[in-house]
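Peer 1: Have a look at the structure that comes next, please.
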Amino acid sequence: MLKTIPACASREQIAAILDEDGCVVIENLVDDRIVDRIAGELGAVLDRANYGQGLFVGYRTKRLGSILKKSGVSFHMMTAKPVLDAMGHLLLPYCERFQLNLSQAVSIHPGEQAQILHRDDELFPCRAFEGEMMANALWALSNFTAENGGTQLVLGSHKWPRDRLPEPHEIVQAEMKAGSVLIYRGSLLHGGGANCSQAPRTGLIFSYNLGWLRQGENQYLAYPPEVAKYLPMPVQELIGYTVHRPNLGQYECSDPQRLLTGFWRDNEFNAYDFLTPEQEQLAKTYAA
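Here the sequence shown stands for residues 25 to 312, where the numbers follow the numbering used here.
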C-alpha cells in the first residue's frame, strides 16, 4: 500500500519510506491559496495547449515546461523543505549539489489510456552506476483518484532487477488531494494512469538530478540570465547557475552566479579554481 504521511512528518520518516518503498505521499504540504493560484495560472495556459503527439506523452494529455515563467509562485513547491530534504537524502551521497532536472505541468484528460510503466532514470545510459541519479516530486493541482488517472506505481521496484516486470497485483495508484505531493525515485517503475472520469487530472512535476548530469529540460533556454536574475538565489542554484565542483558549469572560467548578481564586467576576465576539498589538498601538497 502506498504510504501517505502528514506534512509534519520527520525527514527521517520520509527517508525510511523512500528507501523501502521508493515513493511516499506527503499531504497538504502547501497552503490551499498557493495551490489555487498555481492551478489557475497554469490552467489558463493549459487551456490553450495542444494535446501530445506520441504514445508516451499521450494523445489526450497536455504538457507544459518552463513552469516558473508561467507561475512564479510555483517556486514554493519547487523549494518546499521536505521535498529538498528528500532529494538530499537520495542524491547528495553521489554529488556535491543536486539541480532541477525539469519542471512540467501534466493534465491527463478523459479518454487517455494508461502510460507504459517506466523508470525515469532511463534518461541516462549509466546502468553501471550504483546510486540514484534522479528523483521526482509530483504535486497534485487537482485531486488524484484511481478513476481519473492517479499515477501508477510499483512499490519496491527500485530494488528489482531491471528486466523484472510487475504483476497486476503489484501496481498501485496514487490517490491524493490537491496540495499533496508524491515523491518517488527515478529508479521506480511508474506511469500515468488511465483517465476514466469526466474531467482532467492535473499535476505539476519538479524533477531533480545529480549536479553533474545533463538536465532533462534545458534550463538556460527556459530561464536565460535576463529572467534568472529575478529568481531567488536558491532557485538560481537549482536551475544550474552555479559551479558543481570540480569545474562543471563555468562561464568565462568563473562562477555564472556573477552574471546574475551585478558583479560581472564584460572586459574583466578572471579564472578561478573550482576544486573539491580533496583536490585542493592534493594541489597544495604538490605545490609545497
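Ideal placement from N, C-alpha and C gives every residue a C-beta, glycine not left out.
Note that the structure is a prediction, hence the values are computed from the model and not measured.
For the candidate residues 310, 67, 269, whose alpha-carbon lies nearest to that of residue 121?
Peer 2: Residue 121 sits at position 97 when you count from the first residue of the sequence shown. The shortest C-alpha separation from residue 121 is found at 269.
Peer 1: Can you give me the Cβ contacts of residue 263 inside the same chain, cut-off strictly under 6 Å, excluding the 5 residues immediately before and after it?
Peer 2: In the sequence shown, residue 263 corresponds to position 239, counting from 1. 124, 243, 247, listed in sequence order.
Peer 1: With distances taken Cα to Cα, identify the nearest neighbour of residue 154 among 165, 162, 138, 182.
Peer 2: Sequence index remark: in the sequence shown, residue 154 carries index 130 (1-based). Nearest option by C-alpha distance: 182.
Peer 1: Does DSSP put residue 278 in a helix, a strand or coil?
Peer 2: Here residue 278 corresponds to residue number 254 of the sequence shown, with the count starting at 1. Of the three classes helix, strand and coil, the one that applies to residue 278 here is strand, per DSSP.
Peer 1: For residue 81, name the three-state secondary structure that DSSP assigns.
Peer 2: Residue mapping note: residue 81 aligns to position 57 of the sequence shown, counting from 1. If DSSP states are grouped into helix, strand and coil, residue 81 belongs with coil.
Peer 1: Let me know the secondary structure DSSP gives residue 63 once reduced to three states.
Peer 2: Position 39 of the sequence shown holds residue 63. Helix at residue 63.
Peer 1: Can you name, in chain order, every residue of its own chain whose Cβ lies under 8 Å from the Cβ of residue 97, other than the five neighbours on each side?
Peer 2: In the sequence shown, residue 97 corresponds to position 73, counting from 1. 58, 61, 62, 65, listed in sequence order.
Peer 1: Report the residue from 112, 198, 284 whose alpha carbon sits nearest the alpha carbon of residue 170.
Peer 2: Numbered from its first residue, the sequence shown carries residue 170 at position 146. For residue 170, the nearest C-alpha among the options comes from 198.
Peer 1: What would DSSP say about residue 157, mapped onto helix, strand or coil?
Peer 2: Along the sequence shown, read from residue 1 onward, the residue named residue 157 stands at position 133. Of the three classes helix, strand and coil, the one that applies to residue 157 here is coil, per DSSP.
Peer 1: Reducing DSSP to helix, strand and coil, say where residue 99 ends up.
Peer 2: As a first step, residue 99 must be located in the sequence shown, where it is residue number 75. Helix at residue 99.
Peer 1: What is the DSSP secondary structure of residue 268, reduced to helix, strand or coil?
Peer 2: Here residue 268 refers to the residue found at position 244 of the sequence shown. Strand.
Peer 1: Locate the beta strand (DSSP E) running through residue 207, then write down its first and last residues.
Peer 2: Within the sequence shown, the letter at position 183 stands for residue 207. Here the beta strand (DSSP E) through residue 207 covers 205-209.
Peer 1: Between the Cα of residue 185 and those of 200, 212, 204, 296, spot the shortest distance and give me the residue it belongs to.
Peer 2: In the sequence shown, residue 185 corresponds to position 161, counting from 1. With distances taken between Cα atoms, residue 185 lies closest to 212.
Peer 1: By how many angstroms is the C-alpha of residue 294 removed from the C-alpha of residue 51?
Peer 2: Numbered from its first residue, the sequence shown carries residue 51 at position 27. Numbered from its first residue, the sequence shown carries residue 294 at position 270. Straight-line Cα distance between these residues: approximately 48 Å.
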